[in-house]
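Peer 1: Sequence order for the protein chains is S and Y.
Heads up, the first sequence is in my numbering, so the first residue is 33 and it goes up one at a time.
Heads up, the second sequence is in my numbering, so the first residue is 2 and it goes up one at a time.
Note that CB positions come from ideal geometry on N, CA and C, so glycine has one too.
Just so we're clear, the structure is a prediction, and the values are computed from it rather than from any experiment.
Pasting in a structure now, in structure tokens, and then I'll have a few things to ask.
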Amino acid sequence: MNTIILKEASKVLLPLLLLFSIFILLRGHYLPGGGFVGGLLASIAFILHAFSNGLANTRKLLRIHPGFLMPFGLVISIISGVAPMLVGKPFMTGLWYSEKIDLIGSVGTALFFDIGVYFVVIGATLTIVFSIAESS
Amino acid sequence: MGVLLIIFLAMGLFIAMLSPAIQKRFRWIFPLMPLAALVYILTAQTPVGSWSQGGLLPDFASFYVDGLARFFGVLIAGIGFLIFLYVSAYMKGKTYSTRLYLLLSIFMVSMLGLVTSDHMIGMFVFWEMTSISSFFLIAFETHQKEAVESAKRALLITGSGGLILLAGLLILAETSGTYYFSELILQNSEILKNDWLGLVILLILLGAMTKSAQFPFHFWLPGAMKAPTPVSAYLHSATMVKAGVYLLLRVSPVLANHHWWMPLLTSVGGITMIYGGIQSVFRNDLKSILAYSTIAALGAMFFFIGMGSHPAALWVTVVFILVHACYKAALFMIAGTLDITCGTRNIQKLSGMGSYMPGVFIAALMAVAVNLGLPPTFGFIAKDLMYEFLLDHRALLGLSIFIAAKILMMVAGLKAGIQPFIGVKPDEIALKKEVKPLHWLPALLLGLIGLLMGILPGIASQSFLSGIDQSLLIEVSQVPKLKLWHGFNIVFWLSIGSILLGLMVFFGIKRLGDIESIYLTLEKWSPEVVLTRTLSYIEDGCVTVSHRLQSGKLREYVLIVVLFLSGLLVYKVYSGFWALPDWRGLSDMSIYEVFTVFILLGSVFFTLFSTSRLVAIASLGIMGLCICLIFVFYSAPDLAMTQFTIDTLTVILFVLVLYRLPRFIPINFQIHHIRDIMVSLLFGALMGVLSFAVLSYEPNREVSAFYADNSYVLAKGKNIVNVILVDFRGADTIVEIIVLSIAAIGVFSLLKLHIQKSEKME
């Protein structure tokens, strides 16, 4: 799959797709999207890069093992669930900032939860695909 | 109390996480823990009261330190302290001593929790924790296969007993209306109207029997002797095996008057007493002797608890527990010292060591004196109490069985405590290691306590035993006074007589030499062998079944699942369930949908019939995209997006996995093709019927209405699907992402970790 066209295209597509995935993630609360789809889009971006440039290059690009993204995402999600307990509310109560931010909308624990899901999905998908790709 | 336990646990774990060099400096902290517990228990006023720590800990972690709990707590903490001191001498020069301390601390915490817990489920949790920590302690020398096997066996038996116990406790709690022991005791008189009481007694008894090594569940205890000796001294003689006894004592105010209580307990206890006693006399290994005599002593405890409808029996049992703790732990420690210094535990080989280790010999003499019940030790008082109780209640059969068992226990004590020290030293035994003071001082201390409590029995009744009468609902007038001298009555002569008989039997057996071989021929009828054989039959059966069902071929697994589902649906259809599409209610079909369905059918055709794997995979992908389009047509954009991305990933995964395989080769027989076609058609038709039925079913729109109304108001989001995922049902999502991670880790480890033969652990 090492055609020049794909290689050059993936160099451009990767950042575009990553940006798109973050866009999908942040818009999830108001329009179709969310953490799961965003994570899947980001993993597809990396896999496209891996197909065109070779898996080793993608790993170098990532710099960390994708497996580390999973606990990272889990911690973010769980902290966003535990945070309300520190102010005396039950687990996973939604806390929101009173002001909305431009382009993102309301910011609150649900957003961080979604970000955690985003990372977990990227980590899990990339781990699975990379492991299978490297073992064959 | 609960907070104290948590502090101990945390400290122990923290020290264990430090590097070994730092650990060596801080090892002295460990013996301080039981000392602190001991001080706390002794100085607290009874009863400390029921705390659940003000809601910090869950409900079942409530503790109630009454007289009985205090008694056992003193035993656990006091003997624990001495054992911890002993460990420092025993483990000198051995590695992993911090791990031993840590595991012993965890055990101590669990045991303390067990005896002080007020909630039945809390007690059960600690009960299981003691089983688990005992498992790790028995298997401490992880490279010794027999030790690991014994640990597994012990866990199997005590664990199964634990489950049975849980059933009994649950029935008791649900039928009596409370989960708290302290409240249960208050119901004392009405409890007898409870019809389930007999079953409860049986279940709790079974649980106690497994933990306290009663016949026929006793055989894990001699196997547990593979543990390091401090572990045997602490767990398997003085504390963990007493957990069953504690439990029976705890429920005795409520259950002892039931008509099943006495026959069950006394028969179990009686059989165990005699069985353990006989076995202990035949053995050659010091620790085996002590293990079997512990079994016998536990049997005696069960025997006396069995007569608990006369409350004085319970008091007598408690006194005996105190005595037994004194001498048994001491004897074990001495056995361990002999093992470490002389290198062997075989009493056929050990003799004449008295002059070489005088300190140990004196400690042993004191322990044996308490065991035999020589005046003026506390053992004498205890023995007198037991004989007196049996005589007073005219239980002559019981008395004779008990005297026989007691004589056997005395012989065992003499064998373990005296025989290695008297006589002539054989040449092949030499002192491999020096005898340090801490090897025998803890044992000597126990013996001295035994002697002291005998001379001044007031110490025992004021400090250790106070408050027990309230826990066990014994009338103060029925509590026999602990006196050393009762006069020259029958009990006295019985006492002296049994001591003399014990000595005679001992010297007689000593002359016989090695008699263990006589016994070993009977081994094949022992419960142990029966159990292991049954287990291996079950294992063989399981292997056969697995081979049948798990053939390794994916298509057979799918076939089984599909057939089973079809079977269920056929049964439903047979009992009248049927549905056809309602033609009048169909919405308009647009040309796009028709095209999409045709493309879908075409891709199915290509998947099934093409010979190239890539074409098949690509068609599969197209199938997914068509379904995605259908989602778009029916306004489910989130679903469509997710389906789209997952479909892409699936195709990629399939390509990665299947790309290297050759073209499809027809290797199935024709008959298999026909079978597969028929099953698929059947399943498809049933699924169709199911879909039509779903369409005609009136859904409950209440939940959707709630979400539609409230998602912006309560959760500030307009995309209901996403709001449900991350807000309303966020807890489900947490579990989902955990499962995702587990799946990824599973794939990773299956593919990446190839354990080579040289890396495998022996």
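Measure the C-alpha to C-alpha separation of Gly86 of chain S and Leu80 of chain S and round it to an integer number of angstroms.
Peer 2: Their Cα atoms are separated by approximately 10 Å.
Peer 1: Which same chain residues, not among the five before or five after Thr318 of chain Y, have their C-beta less than 6 Å away from its C-beta?
Peer 2: Excluding positions up to five away in sequence, the list reads Met302, Phe305 and Ile306.
Peer 1: Check Phe218 of chain Y in the structure and name its three-state DSSP category.
Peer 2: Coil at Phe218 of chain Y, not helix or strand.
Peer 1: What residue from Y:Gly337, Y:Ile600 and Y:Ile460 has the CA that sits closest to Ser289 of chain Y's CA?
Peer 2: Among Y:Gly337, Y:Ile600 and Y:Ile460, the Cα nearest to that of Ser289 of chain Y belongs to Y:Gly337.
Peer 1: Where do the N-terminal and C-terminal ends of the alpha helix (DSSP H) with Met302 of chain Y fall, by residue?
Peer 2: Counting along the chain, the alpha helix (DSSP H) containing Met302 of chain Y begins and ends at Leu287 to Gly307.
Peer 1: List, in chain order, every chain Y residue whose beta-carbon is nearer than 7 Å to that of Gly126 of chain S.
Peer 2: The contacting residues are Ala716 and Asp728.
Peer 1: The alpha helix (DSSP H) spanning Val412 of chain Y covers which residue range?
Peer 2: Looking at the DSSP string, the run of the alpha helix (DSSP H) that includes Val412 of chain Y is Leu397 to Gly418.
Peer 1: Does the beta carbon of Asp146 of chain S come closer than 8 Å to any beta carbon on chain Y?
Peer 2: Yes, Asp146 of chain S lies at the interface with chain Y (some Cβ there is under 8 Å from its Cβ).
Peer 1: For Ile408 of chain Y, which of Y:Ser499, Y:Ala11 and Y:Trp494 has the nearest alpha-carbon?
Peer 2: Ile408 of chain Y has its Cα closest to that of Y:Ser499, out of Y:Ser499, Y:Ala11 and Y:Trp494.
Peer 1: Give a yes or no on whether the minimum CB-CB distance between Ser742 of chain Y and chain S is below 8 Å.
Peer 2: Chain S, which has a Cβ nearer than 8 Å to the Cβ of Ser742 of chain Y, makes this yes.
Peer 1: What first and last residue would you give for the alpha helix (DSSP H) that runs through His674 of chain Y?
Peer 2: Counting along the chain, the alpha helix (DSSP H) containing His674 of chain Y begins and ends at Gln671 to Leu696.
Peer 1: Using 8 Å for Cβ pairs, my map puts Gly66 of chain S next to Asp639 of chain Y. What's the rounded Cβ distance?
Peer 2: About 7 Å separates the two Cβ atoms, so the contact holds.
Peer 1: Along the alpha helix (DSSP H) that carries Met109 of chain Y, what are the first and last residues, could you check?
Peer 2: Ser98 to Thr117 is the span of the alpha helix (DSSP H), which, as asked, contains Met109 of chain Y.
Peer 1: Mind listing the chain S neighbours of Leu752 of chain Y? Cutoff is C-beta to C-beta under 8 Å, in chain order.
Peer 2: Ordered by position in chain S, the residues that pass the 8 Å Cβ test against Leu752 of chain Y are Ser163, Ile164, Glu166 and Ser167.
Peer 1: Tell me the DSSP bridge mates of Asn347 of chain Y?
Peer 2: Y:Asp286, per the DSSP bridge assignment.
Peer 1: Any Cβ of chain B within less than 8 Å of the Cβ of Gly86 of chain S?
Peer 2: The question asks about chain B, but that chain is absent: this structure's protein chains are S and Y.
Peer 1: Within 10 angstroms of the Cβ of Asp710 of chain Y, are there 16 or more other Cβ atoms? Answer buried if so, exposed if not.
Peer 2: Answer is exposed; the Cβ neighbour count stays below 16.
Peer 1: When the cut-off is 8 Å and only beta carbons count, does Gly731 of chain Y lie next to chain S?
Peer 2: It does: the Cβ of Gly731 of chain Y has a partner Cβ on chain S nearer than 8 Å.
Peer 1: Would you tell me roughly how many angstroms separate the C-alpha atoms of Gln188 of chain Y and Leu453 of chain Y, rounded to the nearest one?
Peer 2: Between Gln188 of chain Y and Leu453 of chain Y, the C-alpha separation is close to 39 Å.
Peer 1: Does the beta carbon of Leu63 of chain S come closer than 8 Å to any beta carbon on chain Y?
Peer 2: Closer than 8 Å: yes.
Peer 1: Of the residues Y:Ala37, Y:Met210, Y:Phe655 and Y:Met263, which one's Cα is nearest the Cα of Ile296 of chain Y?
Peer 2: With distances taken between Cα atoms, Ile296 of chain Y lies closest to Y:Met210.
Peer 1: Closest to Gly126 of chain S by C-alpha separation, out of Y:Ser750, Y:Leu726, Y:Leu752 and Y:Val748, would be which residue?
Peer 2: Of the listed residues, the one whose Cα sits closest to Gly126 of chain S is Y:Leu726.
Peer 1: In terms of residues, what are the limits of the alpha helix (DSSP H) holding Thr211 of chain Y?
Peer 2: Taken as a continuous stretch (DSSP letters only), the alpha helix (DSSP H) holding Thr211 of chain Y covers Leu198 to Lys212.
Peer 1: Please tell me whether Ala745 of chain Y has its Cβ less than 8 Å away from any Cβ of chain S.
Peer 2: Interface residue, yes.
Peer 1: Per DSSP, which one or two residues make a beta bridge with Gly140 of chain S?
Peer 2: The partner list for Gly140 of chain S (beta bridge, DSSP) reads S:Trp128.
Peer 1: Are there 16 or more other CB atoms within 10 angstroms of the CB of Trp579 of chain Y, so buried, or fewer, so exposed?
Peer 2: By the neighbour-count rule (16 or more Cβ atoms within 10 Å), Trp579 of chain Y is not buried but exposed.
Peer 1: Thinking C-alpha only, which one of S:Leu58, S:Pro103, S:Asn89 and S:Leu48 is nearest Ser138 of chain S?
Peer 2: Of the candidates S:Leu58, S:Pro103, S:Asn89 and S:Leu48, the one whose C-alpha sits nearest the C-alpha of Ser138 of chain S is S:Leu58.
Peer 1: Give the range of the alpha helix (DSSP H) segment to which His81 of chain S is assigned.
Peer 2: First-last of the alpha helix (DSSP H) with His81 of chain S: Gly67 to Asn85.
Peer 1: For a contact meaning CB atoms closer than 9 Å, what does Asp639 of chain Y contact in chain S?
Peer 2: Under the 9 Å cutoff, chain S gives Gly60, Pro64, Gly65, Gly66, Phe68 and Val69.
Peer 1: By the three-class DSSP mapping on this structure, what secondary structure does Ile133 of chain S have?
Peer 2: Ile133 of chain S: strand per DSSP, three-state reduction.
Peer 1: What does the alpha-carbon distance come out to for the pair Tyr593 of chain Y and Ser130 of chain S?
Peer 2: Distance between the alpha carbons of Tyr593 of chain Y and Ser130 of chain S: 45 Å.
Peer 1: Sort out for me which residues DSSP pairs Gly181 of chain Y with in a bridge.
Peer 2: Gly is not the amino acid found at residue 181 of chain Y; the sequence shown has Tyr there. DSSP lists Y:His120 as partners of Tyr181 of chain Y.
Peer 1: Could you name the residues of the same chain whose beta carbon sits closer than 7 Å to that of Phe9 of chain Y, not counting the 5 residues immediately before and after it, in chain order?
Peer 2: For Phe9 of chain Y, where only same-chain residues beyond five positions count, the Cβ hits under 7 Å are Met34, Ser106 and Val110.
Peer 1: For Gly553 of chain Y, does the three-state DSSP call read helix, strand or coil?
Peer 2: Gly553 of chain Y: coil per DSSP, three-state reduction.
Peer 1: What first and last residue would you give for the alpha helix (DSSP H) that runs through Ser238 of chain Y?
Peer 2: Per DSSP, Ser238 of chain Y belongs to no alpha helix (DSSP H) and is neither H nor E.
Peer 1: Figure out for me which residue from Y:Val320, Y:Val201 and Y:Phe283 has the closest Cα to the Cα of Gly455 of chain Y.
Peer 2: Closest option to Gly455 of chain Y, Cα to Cα, is Y:Val320.
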